[in-house]
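Asks:
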Amino acid sequence: MPDSQPQQPHSSGASGPSGSGPADDSGALLLCGARLTDGRTVDVRLGGGRIEAVGTAGSLSTHAARVDLSGYLLLPAAAEPHAHSDTALSADTPGPVSYDIPDVQRRATEAALLQLGHGATALRSHVRIGDVQGLGPMEAVLQARRSLRGLVDLTAVAVPRLLTGIAGADGLAMLRDAVKMGASVVGGCPDLDPDPTGYAEAVLEIAAEHGCPVDLHTDGDDPARLGRLAAMAGGLRAGVAVGPCGGLGRLPADVASRTAEQLAAAAVTVVCLPQGGCGSTERRGAAPVRLLRAAGVRVAAGSGAMRDVSNPVGRGDPLEAAYLLASRCGLRPEGAYGAVSGAARAAMGFAEVRVEAGFPAELLAVRGDRLAGALSLAYSRIVVHRGRVVARTSAVREYCDSAAAVALDLPRQGRSTNTAPGPPKGDDPPA
536 MPDSQPQQPH SSGASGPSGS GPADDSGALL LCGARLTDGR TVDVRLGGGR IEAVGTAGSL
596 STHAARVDLS GYLLLPAAAE PHAHSDTALS ADTPGPVSYD IPDVQRRATE AALLQLGHGA
656 TALRSHVRIG DVQGLGPMEA VLQARRSLRG LVDLTAVAVP RLLTGIAGAD GLAMLRDAVK
716 MGASVVGGCP DLDPDPTGYA EAVLEIAAEH GCPVDLHTDG DDPARLGRLA AMAGGLRAGV
776 AVGPCGGLGR LPADVASRTA EQLAAAAVTV VCLPQGGCGS TERRGAAPVR LLRAAGVRVA
836 AGSGAMRDVS NPVGRGDPLE AAYLLASRCG LRPEGAYGAV SGAARAAMGF AEVRVEAGFP
896 AELLAVRGDR LAGALSLAYS RIVVHRGRVV ARTSAVREYC DSAAAVALDL PRQGRSTNTA
956 PGPPKGDDPP A
């Protein structure tokens, strides 16, 4: 008998924040023989963009298309809460980076597809507005969002440079225009404004006017400023996130703890960037993840820069972010993956995902049988968005003939016996 039967949907219609549209009404799909983190091997039936049923392997009958997930670990899909689509993939550009709309749209689209292949079915992109480029980058990212509909949910954060004083008047007007265009989150970098507190107040005021969430980029090295932000943010129902907050890690532990408690009381999410910062001039450092979690702060993890001047080798891989949280910050694999999945989705306003009936069909299958192994060697992946497979990544490992290979029966992708270096055997191994 099935272990999990359909329940009342946990959110009506939409699978994401307001404006992301209804779930895809694509045909049913049966995921067969997947391993769950609790050790069970199950079949999972999807339909209408949701999980219809979960049962022991072989217990679910359906006429739906089937995907064999034998040897795969099935997880809630990852999400990317802090991307920079307008600058992504620009590190190797000869000469000045182009911000013409077609060029930004191409980079944003390619970056989103790369991150989708890694397993992120929802992305939040911080997009700079103002200066010479005006609203062009925002228009380009919004065009990319439309072209990617059905593959990945992309939301845009409007990031003005200045918002206070005479110079900030244009920024305020442009920020309002960006929201009218379709930017669904109001953000920015108060650290770069002559009046950081005034900047944060302006962002929160505009967000309250339009009912938008707030996502601010800050180093977080000024506890008094973060405390004032927490006090102001408490009344914003749409939610407030800050990051990467590496400066918090440089503060004395008692000061950082008090600040973390203020952020927790105001329900402010901290989005850390384990793979590195995303500003060429910002001070490097990591947010004190365990301290923040101990204080009750929701901590999500993002990727930040993706092969731009800030991080020319940035991968944009949420599983790498989880790996770093586990290996460098001491989180257990479950907590580390939760930071790039459940916590990231919650920070972005998306519905919770569990591998249970009634939840959104936003799933990631990774070759392996345990979460720790998946974070260590997450090579082969199958990504499900709104109930259909939208990306596959396959990896093959081969070994030449040797006494060790024969003795250990090391797995290799099957090929013709006439192919050098010898007759391999087996399939790609679990991660």
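Numbers 536 to 966, taken from my numbering, label the letters of the sequence shown in order. Note that CB positions come from ideal geometry on N, CA and C, so glycine has one too.
May I ask which residues mark the beginning and end of the beta strand (DSSP E) holding Thr622?
Replies: As a first step, residue 622 must be located in the sequence shown, where it is residue number 87. No beta strand (DSSP E) holds Thr622; DSSP gives it neither H nor E.
Asks: Looking only at C-alpha atoms, which of Glu645, Pro695 and Arg575 sits nearest to Gly669?
Replies: Here residue 669 is taken as the residue at index 134 of the sequence shown, counted from 1. Checking every option, the nearest Cα to that of Gly669 belongs to Pro695.
Asks: Could you please give me the residues that DSSP links to Tyr607 through a beta bridge?
Replies: Position 72 of the sequence shown, counting from 1, holds the residue named residue 607. According to DSSP, Tyr607 bridges with Arg902.
Asks: Whole angstroms is fine: what's the gap from Pro557's alpha carbon to Arg580's?
Replies: Here the question's residue 557 lines up with position 22 in the sequence shown. Here the question's residue 580 lines up with position 45 in the sequence shown. Note that Pro557 has pLDDT 43, beneath the 50 cutoff, so the model's placement of it is unreliable and the number below is only indicative. When rounded, the distance between both Cα atoms is 19 Å.
Asks: Can you give the Cα-Cα distance for Thr816 and Asp578, rounded to whole angstroms?
Replies: Here residue 816 refers to the residue found at position 281 of the sequence shown. Here residue 578 refers to the residue found at position 43 of the sequence shown. Bear in mind that a pLDDT of 42 at Thr816, under 50, signals an unreliable position, so the number given afterwards is only what the model happens to contain. Cα-Cα distance, rounded: 49 Å.
Asks: Give the DSSP-derived three-state secondary structure of His745 in the structure shown.
Replies: Translated into the one-based positions of the sequence shown, residue 745 becomes position 210. Helix at His745.
Asks: Nearest to Arg601 by CA position, among Leu566, Ala612 and Arg681, is which residue?
Replies: Position 66 of the sequence shown, counted from the first residue, corresponds to residue 601. Comparing Cα-Cα distances from Arg601 to each of Leu566, Ala612 and Arg681, the minimum goes to Leu566.
Asks: Could you tell me which whole alpha helix (DSSP H) segments of length 4 or greater appear in the segment 816-880?
Replies: 824-829, 853-863 and 868-875
Asks: Run through DSSP, which three-state label would Ser660 get?
Replies: Mapped onto the sequence shown, residue 660 falls at position 125. Looking at Ser660 - three-state DSSP - the assignment turns out to be strand.
Asks: Here's the rule I'm using: 16 or more other beta-carbon atoms within 10 Å means buried, otherwise exposed. How should Glu855 be labelled?
Replies: As a position in the sequence shown, residue 855 is number 320, starting the count at 1. Flag for Glu855 reads buried.
Asks: Could you name the residues of the same chain whose beta carbon sits closer than 6 Å to that of Gly782, not counting the 5 residues immediately before and after it, in chain order?
Replies: The residue given as residue 782 occupies position 247 in the sequence shown. A distance below 6 Å between beta-carbons, with the five flanking residues on each side excluded, links Gly782 to the following residues of its chain, in chain order: Asp754, Gly755 and Asp756.
Asks: Thinking C-alpha only, which one of Val687, Arg659 and Val714 is nearest Leu648?
Replies: Here residue 648 is taken as the residue at index 113 of the sequence shown, counted from 1. Comparing Cα-Cα distances from Leu648 to each of Val687, Arg659 and Val714, the minimum goes to Val687.
Asks: Based on the DSSP output, what are the partners of Thr628 in its beta bridges?
Replies: The residue you call residue 628 lines up with position 93 of the sequence shown. Per DSSP, none; premise fails for Thr628.
Asks: How long is the line joining the alpha carbons of Leu697 and Val667, rounded to whole angstroms?
Replies: In the sequence shown, residue 697 corresponds to position 162, counting from 1. In the sequence shown, residue 667 corresponds to position 132, counting from 1. If I take the Cα positions, the gap works out to 13 Å.
Asks: From Ala743 to Lys715, what distance separates their C-alpha atoms?
Replies: Taking the first residue of the sequence shown as position 1, residue 743 is located at position 208. Taking the first residue of the sequence shown as position 1, residue 715 is located at position 180. A straight-line Cα-Cα distance of about 14 Å links Ala743 and Lys715.
Asks: Going by the DSSP bridge assignment, what does Glu615 pair with across the sheet?
Replies: Translated into positions along the sequence shown, residue 615 becomes position 80. Partner(s): Leu658.
Asks: Whole angstroms are fine: how far does the CA of Arg867 sit from the CA of Val777?
Replies: Counting from 1 along the sequence shown, the entry for residue 777 is found at position 242. Counting from 1 along the sequence shown, the entry for residue 867 is found at position 332. A direct Cα-to-Cα measurement between Val777 and Arg867 gives close to 23 Å.
Asks: Assign Asp789 to buried or exposed, taking buried as 16 or more other Cβ atoms, counted over all protein chains shown, within 10 Å of its Cβ.
Replies: As a position in the sequence shown, residue 789 is number 254, starting the count at 1. So Asp789 ends up on the exposed side.
Asks: Looking only at DSSP bridge pairs, what is Leu786 linked to?
Replies: Position 251 of the sequence shown, counted from the first residue, corresponds to residue 786. Bridge partners of Leu786: none, in fact.
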